[in-house]
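Student: Here's a structure for you.
In the numbering used here, the protein residues as written are 178 to 763.
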């Protein structure tokens with residue numbers, strides 16, 4: 178199906194490939210053959226009834242519009258990339274027609290940027306972080322004699338010993354200039370401070386940008402900084418930064434220089450030099466693939482030098498689950514970390530990490546990222562390496578997550594999805610009614626053609642569609658209360674039979690003539706029962722799965738034997754039972 182600009186269902190963005198029932202790679206001859214066939218079916222001059230004539234004219238215009246777009250290589254490229262909405266963007270008429278898809282995409286993005294300039298200037302990009310540190314060492318590092326002397330000493334004491342809050346917003350000034358305002362507040366064991374920063378960033382070209390920073394705080398004093406980014410080549414970029422801090426002890430200058438290079442398609446190499454209060458030289462290699470992320474870093478500097486390795490494995494599941502581990506060793510000691518991360522909703526990611534260090538002890542870090550906001554909860558469990566602390570830090574979060582996921586997250590997401598579907602159905606009720614009316618009109622216009630096709634197929638014992646349904650089928654005995662949402666598409670499918678063959682492409686079948694979507698936003702399928710060479714067959718396929726019959730079908734021998742003498746004189750009542758993958762015919 179053609180790409181859509183929005184994630185939501187758009188009923189006006191009709192699938193032209195599905196309407197003509199052709200492949201996305203269809204040649205001009207295939208398009209013409211399908212177009213001629215549909216024109217013969219829907220041409221207004223073939224219908225004398227005034228009402229049918231109006232309905233045929235509407236369907237004929239839709240088919241003609243689909244053919245015009247797909248037969249024009251330039252318009253077809255735009256439609257394949259951006260769908261019907263892409264054709265409605267102003268400015269294509271002045272674009273050179275002999276362009277590659279990549280050039281068309283670039284031109285489309287330029288036209289979109291021009292249209293969104295005013296909206297862009299009014300947007301902000303808020304980002305924030307809230308960190309709450311908890312000291313829970315009394316859970317494991319308890320001294321019984323001290324607790325006996327204190328009132329209520331039988332209960333461990335949990336203390337919030339540090340907090341940090343930071344927030345930033347962006348305000349576009351022009352197409353190339355952006356102002357960023359940020360601030361932060363921190364406190365640790367009763368002592369705290371804050372700072373505020375103002376940054377102005379200018380994009381000088383497609384290869385680089387620069388920014389000027391002004392800051393002030395109640396501890397370190399005013400700050401002035403300059404940062405420059407530049408793409409040196411297609412595979413290499415450079416970042417330079419310098420700053421001047423006005424502290425109570427005098428001026429404290431600092432600068433840093435970092436260069437990075439693509440070593441291959443998935444690997445980056447970094448080299449950074451810093452001069453100032455924490456001077457250091459750092460080099461690192463980062464390899465990021467679809468299934469893993471690996472980092473190796475070495476730093477030599479004052480006051481800390483270290484060697485760090487980390488690895489992250491990415492599961493290819495719907496929740497984007499990741500497991501990770503890292504080892505860092507240096508003058509400060511050795512720290513081992515392991516943890517997991519998982520997407521718990523559309524905009525939320527939850528992660529838990531256990532940090533085991535010498536002499537740092539054991540710390541559990543909980544992180545929740547929701548949209549552009551991040552919430553951190555580091556819980557320090559013990560200053561020693563205790564097996565009990567490691568066990569509870571590892572098993573505790575897993576048990577809590579499983580319980581919360583089953584009791585809270587799954588019911589909430591299910592209710593949220595049902596609410597979104599209901600809102601979507603209500604908002605699209607008018608469009609669905611229109612599509613349904615068009616489908617019913619198409620079926621009426623097909624009756625004469627279908628009668629002729631059936632007569633021709635019966636004369637040579639060819640392909641006859643006995644019954645066909647499209648929509649959502651109840652596939653679990655536990656969902657008996659849920660009703661199947663299907664429509665009868667026997668006539669539209671019989672109309673597509675040609676030379677005893679029925680061929681459907683990989684597009685959504687909701688766009689076929691005589692079809693419409695009976696259950697918006699839900700999974701759909703096609704179930705049909707047909708006769709070929711006097712034998713009855715059944716076939717099942719998903720909504721976007723291609724179909725070609727007769728081929729590789731399941732033979733209903735018992736049904737054929739019992740109904741061979743009745744199929745011309747009676748209507749078959751067919752019920753689908755997905756658990757057995759068979760039709761029950763009564």
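Quick reminder that beta carbons are idealized off the backbone N, C-alpha and C, glycines included.
#1: Jot down the residue ranges of each uninterrupted alpha helix (DSSP H) in the region 578-604, minimum 4 residues, whole runs only, in chain order.
#2: So what does residue 386 bridge to, in DSSP terms?
#3: From the DSSP secondary-structure annotation, give me the bridge partner or partners of residue 662.
#4: If I measure Cβ to Cβ from residue 475 and keep anything under 6 Å in the same chain, skipping five residues before and after, which residues do I get?
#5: So, helix, strand or coil for residue 193, using DSSP?
#6: Tell me which residue opens and which closes the alpha helix (DSSP H) that residue 230 is part of.
#7: Taking one C-beta from the region 346-355 and one from the region 373-385 each time, how about it: are there three or more such pairs within less than 8 Å?
#8: Counting only the same chain and skipping the five closest in sequence on each side, list residues whose C-beta sits under 7 Å from that of residue 450.
#9: Could you give the C-beta distance for residue 667 and residue 633, rounded to a whole number, given that I count them as a contact under 8 Å?
#10: How would you write the range of the alpha helix (DSSP H) that residue 669 sits in, first residue to last?
#11: Tell whether a beta-carbon distance below 8 Å holds between residue 555 and residue 540.
#12: How do the region 625-639 and the region 243-257 stand: do at least 3 beta-carbon pairs fall below 8 Å, yes or no?
#13: In whole angstroms, what is the alpha-carbon distance linking residue 218 and residue 196?
#14: Over what stretch of residues does the beta strand (DSSP E) that includes residue 609 continue unbroken?
#15: What do you reckon, are the CB atoms on residue 400 and residue 420 nearer than 8 Å?
#16: Quick check on the burial criterion: 16 or more other C-beta atoms within 10 angstroms. Buried or exposed for residue 672?
#17: What is the residue span of the alpha helix (DSSP H) that residue 209 lies within?
#18: According to DSSP, residue 391 sits in a beta bridge with which residue or residues?
#19: In angstroms, rounded to a whole number, what distance separates the CA positions of residue 333 and residue 558?
#20: How many angstroms separate the CA atom of residue 709 from the CA atom of residue 641?
#21: Less than 6 Å between C-beta atoms, sequence neighbours within five positions excluded: which residues of the same chain meet that for residue 233?
#22: Tell me which residues share the same chain as residue 571 and place their Cβ nearer than 7 Å to its Cβ, disregarding the 5 neighbours each side in the sequence.
#23: Checking the sheet assignment: what are the DSSP bridge partners for residue 699?
#24: Spell out the partners DSSP gives residue 489 in its beta bridges.
#25: Taking all protein chains shown into account, do 16 or more other C-beta atoms lie within 10 angstroms of the C-beta of residue 237, making it buried, or fewer, making it exposed?
#26: Out of 714, 241, 721 and 359, which has the shortest C-alpha to C-alpha gap to residue 683?
#27: Measure the Cβ-Cβ separation of residue 431 and residue 452 and say whether it is below 8 Å.
#28: Would you check if the distance between the CB atom of residue 785 and the CB atom of residue 193 is smaller than 8 Å?
#29: Going by the CB atoms, is the gap between residue 493 and residue 456 shorter than 8 Å?
#30: Between residue 489 and residue 643, what straight-line distance do the alpha-carbon atoms span, to the nearest angstrom?
#31: Pull up the distance between the alpha-carbon of residue 304 and that of residue 364, whole angstroms please.
#32: Tell me residue 430's beta-bridge partners as DSSP assigns them.
#33: Just verifying my parser: in three-state terms, what is the DSSP assignment at residue 261?
#34: Thinking just about the alpha-carbon of each residue, which of 391, 663, 200 and 384 is nearest to the one in residue 373?
#35: Report back the beta-carbon spacing between residue 719 and residue 702 to the nearest angstrom; my notes put them in contact at under 8 Å.
#36: Tell me, please, which residues DSSP counts as bridged to residue 368.
Tutor: Per the coordinate set shown:
#1: Runs of the alpha helix (DSSP H) inside the region 578-604: 587-604.
#2: Paired residue(s): 380 and 406.
#3: DSSP lists 649 as the beta-bridge partner residues of residue 662.
#4: Exclusion of the five residues before and after residue 475 leaves 460 and 484 as the residues of its chain whose Cβ lies within less than 6 Å of its Cβ.
#5: DSSP places residue 193 in helix when its eight states are reduced to three.
#6: Residue 230 -> alpha helix (DSSP H) spans 227-248.
#7: With a cut-off of 8 Å, the region 373-385 and the region 346-355 count as touching, because enough Cβ pairs lie within range.
#8: Here residue 450 has 433, 434 and 458 as same chain residues with Cβ atoms under 7 Å from its own Cβ, once five neighbours each way along the sequence are excluded.
#9: For residue 667 against residue 633, the beta-carbon gap comes to about 17 Å, at or over 8 Å, which does not count as contact.
#10: Its alpha helix (DSSP H) spans residues 667-672.
#11: Cβ atoms of residue 555 and residue 540: closer than 8 Å.
#12: Because the criterion of three Cβ pairs below 8 Å is not met, the region 625-639 and the region 243-257 do not touch.
#13: If you take the alpha carbons of residue 218 and residue 196, they lie about 13 Å apart.
#14: Counting along the chain, residue 609 sits inside no beta strand (DSSP E); it lies in the alpha helix (DSSP H) bounded by residues 606-636.
#15: Contact: yes.
#16: With 16 or more Cβ atoms within 10 Å of its Cβ, residue 672 is classed as buried.
#17: Where residue 209 is concerned, the enclosing alpha helix (DSSP H) stretches over 205-219.
#18: According to DSSP, residue 391 bridges with 375 and 401.
#19: C-alpha separation (whole angstroms): 12 Å.
#20: Linking residue 709 to residue 641 through their CA atoms gives a straight-line distance of about 7 Å.
#21: 219, 221, 224 and 622, listed in sequence order.
#22: So the list reads 531, once near-sequence residues are dropped.
#23: Per DSSP, none; premise fails for residue 699.
#24: BP columns for residue 489 point to 470 and 501.
#25: With 16 or more other Cβ atoms within 10 Å, it is buried.
#26: Nearest C-alpha to residue 683: 721.
#27: Yes, these two residues count as a Cβ contact at 8 Å.
#28: The displayed coordinates of the chain run from 178 to 763. Any statement about residue 785 would go beyond what the structure contains.
#29: For the pair residue 456 and residue 493, the CB atoms are not nearer than the 8 Å cut-off.
#30: Approximately 54 Å between the Cα atoms of the pair.
#31: Taking the straight line joining both Cα atoms gives about 20 Å.
#32: The partner list for residue 430 (beta bridge, DSSP) reads 421.
#33: Helix.
#34: The shortest C-alpha separation from residue 373 is found at 391.
#35: Sure, about 5 Å apart at Cβ, within 8 Å.
#36: Answer is 365, bridged to residue 368.
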